[in-house]
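Heads up, the thing below is written out as structure tokens.
And the structure:
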């Protein structure tokens, strides 16, 4: 999981982010074998970048504060992207 | 903007909707009004027409639900996901669901039902989420002042890519006749102004455009010319020397030139020099000779010097004193060929500003060959 700059997200943040990216950005974590953690990490980073780009955030691929704040804003349940 | 996956659209222009239930957070009539206004936002800029039915299966079924509610997308309690909707299609297609765990309101408190409804109905009509933070179709919720809420240009481009623009009014079956509604004997107008060689008569969401040469006026939705202007305006006047028309509603005013809305508007009417006690303008007239604008509010009027761009000292004054015979509350006013025309309800007063007297009392719709 990508670490933020100097402040690492807590486990609950990471879980929340994974759920958010699965709901709205078609992140499919469960289909990637855990043994391929590095692949997992890049995949998640790509999805974070996609979300940051879509919602007008700075594209860092990191779970930084602005990204986590955006994820916690009330929103529509329709996905932002489709597979 | 994006459209929903597979670009689903309604293959018809008359679409029904039905409220399956209501939130206890708001009065049912307030819910109905919010949903009706939300549909109107989209019907203003497309050929689509929406009709509420109370029984049977509607194209768009609307409900409030808690948690899991039978569509594989359970709601998640307060905040988080506020609502969701399905793209056009049979059955659940087009349906809109609101999370009952939210606090639904008609104000800035809690979650504003109208704003979320406009967004979700965008999905019900086939729009996806937009990248544009100013678009109503941007995925996250933020409160917007309802009196100035408008669809963004991105929203309008998106929905018109699916359904096109509103249909131009067809000439009536008898081309030499006028639209019967304007000939209603009780007809009144929100505002009237000249625009070049034409006269614009504003009423609710529409306006009639009339030239002195043609008998039959054109009839258009305001939003088809100026998407972000409000409906039900209070006053309008043209400053010919600045080739601009100013539109007033409540404590704000807009400037338009042709069908372009000028940047930097709306502005507050108090920037013109009105005292805080003035909340709205009833009518306004620009006097070409004097380059002065008269603003009429209740029984008083102000005069604005268009050259100096400032309100003249010594105002307000009583309308009845300086405009003898004009003593009822005004709806609209405009100047033509040196005469002032004042509209009050279904009556119109032709006033000679030099002789300072009413020269004719007419019906408000006397400009139309009823």
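Protein chains in written order, with the numbering used here: chain A, 2 to 84; chain B, 29 to 398.
C-beta: ideal position from N, C-alpha, C; glycine also.
Computed from a predicted structure; not experimentally measured.
- Here residue 47(B) has 90 as same chain residues with Cβ atoms under 6 Å from its own Cβ, once five neighbours each way along the sequence are excluded.
- Per DSSP, the unbroken beta strand (DSSP E) holding residue 315(B) starts and ends at 311-315.
- Using beta-carbon distances, residue 56(A) counts as an interface residue toward chain B, with a partner under 8 Å.
- With a cut-off of 8 Å on Cβ pairs, the segment 95-104 of chain B is not in contact with the segment 57-71 of chain A, counting fewer than three such pairs.
- Taking 7 Å as the Cβ-Cβ cut-off, the segment 153-175 of chain B approaches chain A at 157, 159, 161, 167, 168 and 169, given in chain order.
- Under DSSP, residue 77(A) takes part in a beta bridge, and its partners are 111(B).
- Against chain B, the CB of residue 15(A) has no partner CB under 8 Å away; the residue lies outside that interface.
- At a cut-off of 8 Å between beta-carbon atoms, residue 148(B) makes contact with chain A.
- Residue burial is scored here from C-beta neighbours: residue 355(B) has fewer than 16 other C-beta atoms within 10 angstroms and is therefore classed as exposed.
- Contact with chain A is found for residue 110(B), since one of that chain's Cβ atoms lies less than 8 Å from the residue's Cβ.
- Here DSSP, grouped into helix, strand and coil, assigns residue 372(B) to strand.
- Straight-line spacing of the CA atoms in residue 264(B) and residue 352(B) works out to 23 Å.
- Short of 6 Å from the beta carbon of residue 151(B), and not among the five residues preceding or following it, lie these beta carbons of its own chain, in chain order: 113.
- Residue pairing by DSSP puts residue 333(B) in a beta bridge opposite 320(B) and 338(B).
- In the structure shown, residue 235(B) falls within a strand segment according to DSSP collapsed to helix, strand and coil.
- Per the DSSP secondary-structure output, residue 380(B) pairs in a beta bridge with 385(B).
- Under a 10 Å Cβ-count criterion, residue 83(A) is classified as exposed, with fewer than 16 other Cβ atoms of the shown protein chains found around its own Cβ.
- The three-state secondary structure of residue 178(B), taken from DSSP, is coil.
- By the rule that beta-carbons nearer than 8 Å mark a contact, residue 75(A) touches chain B.
- Ranking 56(A), 58(A), 57(A) and 21(A) by CA distance to the CA of residue 45(A) puts 21(A) first.
- Close CB contacts of residue 222(B) within its chain, under the 6 Å cut and outside five residues either way in sequence, are with 266 and 362 (chain order).
- None of the residues of the segment 76-88 of chain B has a beta carbon lying less than 9 Å from any beta carbon of chain A.
- Given a length threshold of 3 residues, each whole run of the beta strand (DSSP E) inside the segment 36-85 of chain B is given here in chain order: 42-47 and 77-80.
- Secondary structure at residue 48(A): helix, using DSSP grouped into helix, strand and coil.
- If you look at residue 125(B), you'll find it in the beta strand (DSSP E) that goes 124-127.
- At a cut-off of 8 Å between beta carbons, residue 26(A) makes no contact with chain B.
- DSSP places residue 306(B) outside both helix and strand once states are collapsed to three, so it counts as coil.
- Non-local C-beta neighbours of residue 322(B) in its own chain, meaning closer than 6 Å and more than five positions away in sequence, comprise 313, 329 and 331, ordered along the chain.
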